[in-house]
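Chains as they are written, first to last, in the working numbering: chain X, -3 to 197; chain V, 167 to 417. Note that the Cβ used here is the ideal one computed from N, Cα and C, for glycine as well. This one's a predicted model, so the numbers in the text were calculated from it and none came from an experiment. Note sheet for the following structure.
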């Protein structure tokens, strides 16, 4: 397999550069995807996300990405807000429909002190997820104020101020991580290697 | 939750410099080389502040920033001479994860905080506060401690939180570069006042100073410059020491 990872580029807010660099450090080839028809040229997709839920959905719609993402059968990895918009609905700046690829809601973290949650924190792997192989109890970098509320597809949880939240999800070809693997030192590079090697013996 | 240990690079392009309480600069090295060194030592983040461009009213020098970003797989904050949402956008595109703003927000247009937070998310907007003590209050300064603003630090800290800043980088004009310890009272009052993460900076002269400010003020992170630049301690030394003193830090 050629293993080209497509990074979906939408809107003006992008941390695309960091993600591209980390995937390349993991040995992957990347293609920045500006138009949905480029989905044909890649083997896997990464959906980044910076900003708010409502803006991200609006930008995806403006660029014509919503239907192609809903119909996509390739492995897809949502990162941070990119994972959150995989959900059914989000409640950041009002109620907004998400891509609906994961049955979940996005709600503010029920924590009174110090939101956003910023910094390295450990993940506790609770269900099988190939992306997390070799990364049990590793530390990853988090930077978020909202979390995924989901009970079916949880791969790992993380605890912040006594609040346990979902830090990684998986449902068939759909993967999501609340943390930033591209900002998580060698552990993050390893996660991208796992993503590149998905389905290979 | 772990306390973040952040390496701070004060830049006078193309060098990392060390201001001695914000005046007098000493050249310390190349930004991308030092950033890489601190990353490899285990820094949780790197913050890059161009400390002269705002004062000289120059534009941001992007090449140096991009070269530095390319060495890092940890969060990278960038500031100095940021004057528009377009500057934020350009910096994110060349590899910044957070943008640090001070002078323009304090002296000209605080709405830039609201606008940037709405577009890029709160977590991406860091407000740098340079505090100078006057009797029983602190005043906000800009341009590396050179220009007074008339704004009260505590009022401004609350205001930037309300406007949507995701983090405060707190510096002390009085303590910076003197290596005699942090302005503990300043750190504590700002941390206690706001509900967003506060990174404290200015004054670390020893491992003990870092421990003291963490225990007393409970900041979300500590930004270190001189101790690292003079090779007095490595990030690893700092983390080992804190761990031994029962302060949680990342690996």
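| What separation, rounded to the nearest whole angstrom, lies between the Cα atoms of residue 139(X) and residue 164(X)? | Each residue's Cα considered, the two are about 14 Å apart.
| How would you write the range of the beta strand (DSSP E) that residue 321(V) sits in, first residue to last? | Note, residue 321(V): premise wrong, no beta strand (DSSP E); alpha helix (DSSP H) at 319 to 329.
| message | Check whether chain X comes within 8 Å of residue 223(V), counting only Cβ atoms and requiring the distance to be less than that. | response | Cβ-Cβ to chain X under 8 Å: no for residue 223(V).
| Can residue 416(V) and residue 369(V) be called in contact, C-beta distance under 8 Å? | Annotated as distal: residue 416(V) and residue 369(V), with beta-carbon spacing of 8 Å or more.
| Between the beta-carbon of residue 104(X) and the beta-carbon of residue 194(X), is there less than 8 Å? | Going by C-beta atoms, residue 104(X) is not nearer than 8 Å to residue 194(X).
| Between residue 201(V) and residue 57(X), what straight-line distance do the alpha-carbon atoms span, to the nearest angstrom? | Distance from the CA of residue 201(V) to the CA of residue 57(X), rounded to the nearest whole angstrom, comes to 38 Å.
| Straight-line Cα distance separating residue 390(V) from residue 379(V) | Taking the straight line joining both Cα atoms gives about 12 Å.
| task | Would you check if there are 3 or more beta carbon pairs closer than 8 Å linking the stretch 172 to 190 of chain V to the stretch 200 to 215 of chain V? | result | In short, these stretches touch, since the Cβ pair count reaches three.
| said: For a contact defined as C-beta to C-beta under 7 Å, what are the partners of residue 18(X) on chain V? | reply: Within chain V, the residues near residue 18(X) are 239.
| query | Quick one: which chain X residues come within Cβ less than 8 Å of residue 289(V)? | reply | The contacting residues are 112, 114, 139, 140, 141.
| request: Please compile the residues from chain V whose C-beta is within a distance smaller than 9 Å of the C-beta of residue 4(X). | output: Chain V residues near residue 4(X): none, gap ~15 Å exceeds 9 Å.
| message | Pull the bridge partners of residue 305(V) from the DSSP assignment, please. | response | Looking at the DSSP output, residue 305(V) bridges to 298(V), 318(V).
| request: Under 9 Å between beta-carbons, which chain V residues line up against residue 179(X)? List them in chain order, please. | output: The answer, in chain order, is 211, 238, 239, 240, 241, 242, 263.
| field | Under 8 Å between C-beta atoms of residue 306(V) and residue 185(V) | value | The Cβ atoms of residue 306(V) and residue 185(V) lie no closer than 8 Å to each other.
| request: Determine, using beta carbons only, whether residue 259(V) comes closer than 8 Å to chain X. | output: Judged by the 8 Å Cβ criterion, residue 259(V) is in contact with chain X.
| message | In whole angstroms, give me the CA-to-CA distance for residue 248(V) and residue 274(V). | response | Straight-line Cα distance between these residues: approximately 12 Å.
| said: Less than 8 Å between CB atoms is the rule here; does residue 90(X) satisfy it with respect to chain V? | reply: Output row for residue 90(X): interface = no.
| Rounded separation between residue 383(V) and residue 183(V) - CA only | Spanning the two alpha carbons is a distance of roughly 28 Å.
| message | Let's test the definition: count the other Cβ atoms within 10 Å of the Cβ of residue 137(X) and tell me whether it reaches 16, buried, or not, exposed. | response | Its Cβ being crowded by 16 or more others within 10 Å, residue 137(X) is buried.
| field | Amino acids of chain V, ordered along the chain, whose beta-carbon sits closer than 8 Å to that of residue 159(X) | value | By Cβ distance, chain V contributes nothing, its closest Cβ being about 11 Å from residue 159(X), past 8 Å.
| Would a C-beta distance cut-off of 8 Å place residue 19(X) and residue 44(X) closer than the cut-off? | Taking 8 Å as the cut-off, the Cβ atoms of residue 19(X) and residue 44(X) do not count as close.
| Is there a Cβ from chain X that is less than 8 Å from the Cβ of residue 294(V)? | Look at residue 294(V): its C-beta is not under 8 Å from any C-beta on chain X.
| message | Can you give me the C-alpha to C-alpha distance between residue 411(V) and residue 351(V), rounded to a whole angstrom? | response | Taken atom to atom, the span from the alpha-carbon of residue 411(V) to that of residue 351(V) is near 22 Å.
| said: Using a Cβ-Cβ distance cut-off of 8 Å, determine whether residue 11(X) contacts chain V. | reply: Using beta-carbon distances, residue 11(X) counts as an interface residue toward chain V, with a partner under 8 Å.
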